[in-house]
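Student: The end of the sequence shown is residue 1055 by my numbering, with every number in the run present.
Just passing along the structure, written as structure tokens.
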Amino acid sequence: IVFNVNRNALGVEITKIVGNRQIRKRMHVGIEHIKKSRCNEDFLKRVKANDRKKHDAKLLGETVNCKRAPEGPKPMKMVEAK
């Protein structure tokens, strides 16, 4: 979270683990050390793909399931002793 912008630094808020709790710390960091977070990209990509699927299904008059499904168990293997 950015709380301050200076000429050559950015004020950011971070969480520091102290014992069994998280404390919010505010510090200024040089601009060359900052990069944009990419944690939301997969979610936004999935939302766009789901909207496209819903639109195509609506044109065809069908229903589509956009829920994520778990991967499931791995296929069976036979282990033989020599």
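Just so it is clear, CB atoms sit at the ideal spot from N, CA and C, and this is done for glycine as well.
Need the endpoints of the alpha helix (DSSP H) that Val-1020 sits in, please.
Tutor: It spans 1014-1033 - the alpha helix (DSSP H) in which Val-1020 sits, taken as one unbroken run.
Student: Considering only the beta carbon of each residue, do Leu-1033 and Ile-1004 sit closer than 7 Å?
Tutor: Contact: no.
Student: Give a yes or no on contact between the segment 982-1002 and the segment 1012-1022, applying the rule of three or more CB pairs nearer than 8 Å.
Tutor: Because the criterion of three Cβ pairs below 8 Å is not met, the segment 982-1002 and the segment 1012-1022 do not touch.
Student: Do Val-975 and Val-985 count as a contact pair if the criterion is CB distance below 7 Å?
Tutor: Yes, the pair counts as a contact, with Cβ atoms nearer than the cut-off.
Student: Return the first residue and the last residue of the beta strand (DSSP E) that Ala-982 is part of.
Tutor: Here the beta strand (DSSP E) through Ala-982 covers 982-991.
Student: Considering only residues of the same chain and omitting the five flanking positions on each side of Asn-981, which have a CB-CB separation below 7 Å?
Tutor: If we look at Asn-981 and ignore the five residues flanking it on each side, its Cβ neighbours are Gly-1003 and Ile-1004.
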